[in-house]
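**Q**
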Amino acid sequence: ADDRRLVVDAFARWRISDATQFRRAVGASGIEGARNRLERILNAQLREVLGGVDSGAVLSADRVALMNQIRDQARAEANGLGVQVIDVRIKRADLPVQNLQATYERMRAEREREAADEIARGQEAAQRVRAQADRTVVETTSEARKQAEIVRGEADATRNGIFATAFGRDPEFFAFYRSLTAYENSLKGENSTLVITPDSEFFDYLKSDTGAAAAE
6 ADDRRLVVDA FARWRISDAT QFRRAVGASG IEGARNRLER ILNAQLREVL GGVDSGAVLS
66 ADRVALMNQI RDQARAEANG LGVQVIDVRI KRADLPVQNL QATYERMRAE REREAADEIA
126 RGQEAAQRVR AQADRTVVET TSEARKQAEI VRGEADATRN GIFATAFGRD PEFFAFYRSL
186 TAYENSLKGE NSTLVITPDS EFFDYLKSDT GAAAAE
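Be aware that the sequence shown starts at 6, since it is given in the working numbering, and climbs by one per residue.
1. Apart from the five residues just before and just after D23, which ones in its own chain have a Cβ nearer than 7 Å to its Cβ?
2. Could you give the distance in angstroms between the alpha-carbon of E159 and the alpha-carbon of A153?
3. Taking Q89 as the reference, give the member of D77, R97, K96, I95 with the closest Cα.
4. Once DSSP output is grouped into helix, strand and coil, what is the label at E120?
5. Report the rounded CA-to-CA distance for A62 versus L55, giving the unit in angstroms.
6. Consult DSSP for D14 and reduce its assignment to one of helix, strand or coil.
7. Under a Cβ-count criterion, where at least 16 other Cβ atoms within 10 Å of its own Cβ denotes burial, should A219 be classed as buried or exposed?
8. What is the DSSP secondary structure of V58, reduced to helix, strand or coil?
9. Pick helix, strand or coil for D77, following the three-state DSSP scheme.
10. May I ask you to report which of helix, strand or coil DSSP gives D161?
11. Consult DSSP for D175 and reduce its assignment to one of helix, strand or coil.
12. Please list, in chain order, all residues of the same chain as I21 whose beta carbon is under 7 Å from its beta carbon, the five residues on each side excluded.
13. Identify the residues that DSSP records as bridge partners of D92: which are they?
14. For R97, write down the residues that DSSP places opposite it in a beta bridge.
15. Please classify A83 as buried or exposed, where buried requires at least 16 other C-beta atoms within 10 Å of its C-beta.
16. Quick one: what does DSSP say A66 is sitting in, helix, strand or coil?
17. Would you say A17 and D92 are within 8 Å of each other, going by their C-beta atoms?
18. Return helix, strand or coil for G127, following the three-state DSSP convention.
19. Between E115 and A125, what straight-line distance do the alpha-carbon atoms span, to the nearest angstrom?
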């Protein structure tokens with residue numbers, strides 16, 4: 006039924022059930038004539054029954070039921086010969102060589118397609134995991150930066166508050182402290198060079214004996 010050819014080797018066991026009917030049916034050909042006619046009956050029933058099922062059924066547990074069906078149908082036809090078909094057995098059921106190669110190629114193609122599908126599904130799953138991991142990294146990094154900016158802003162606000170308080174209490178000391186910080190930042194490094202005009206107020210605190218800015 007699936008258009009796949011099978012090479013079937015079968016046999017039947019039979020016996021003469023009605024000697025008179027047997028002699029009348031086969032005549033002078035005797036046993037040999039009966040065997041030839043039974044062979045034609047068996048071959049016809051094999052083709053009819055096995056041709057109506059998939060080739061896989063012949064190679065499966067359904068094989069017993071198929072043989073019983075062939076036996077019953079052959080028995081009905083053989084009654085006219087005065088013989089009884091006792092049993093039918095399939096010894097072998099193989100694919101022809103060319104069919105074996107085609108079947109092998111089809112099975113290999115199916116396995117390769119299944120493997121490709123599995124690989125594709127695995128790659129898709131891996132891509133989803135990577136994408137989720139990337140999103141998690143971005144979200145975590147973004148949150149960390151946000152928190153860092155908040156902490157930095159709070160620290161700057163605290164520092165500015167301290168500076169504002171210090172400036173309010175002692176403006177002169179605050180100006181002196183800011184000048185020292187500016188000196189430190191300007192003269193970093195082993196060979197720092199600073200170019201300023203002679204009348205610049207940048208070093209006023211260093212020029213003054215008291216550490217105060219020179220009066221204008």
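Glycine included, every Cβ here is placed at the ideal spot set by N, Cα and C. None of these values were measured; they are calculated from a predicted model.
**A** Checking against the coordinates, here is how it stands:
1. G87
2. 10 Å
3. D77
4. According to the sequence displayed, residue 120 carries Ala and not Glu. In this structure, A120 counts as helix in the three-state DSSP scheme.
5. 9 Å
6. strand
7. Per-residue confidence for A219 stands at a pLDDT of 46, beneath the threshold of 50, marking its modelled position as unreliable; the derived number appears in the next sentence. By the neighbour-count rule (16 or more Cβ atoms within 10 Å), A219 is not buried but exposed.
8. coil
9. helix
10. helix
11. coil
12. F27, G87, V88
13. R18
14. D14
15. buried
16. coil
17. yes
18. helix
19. 15 Å
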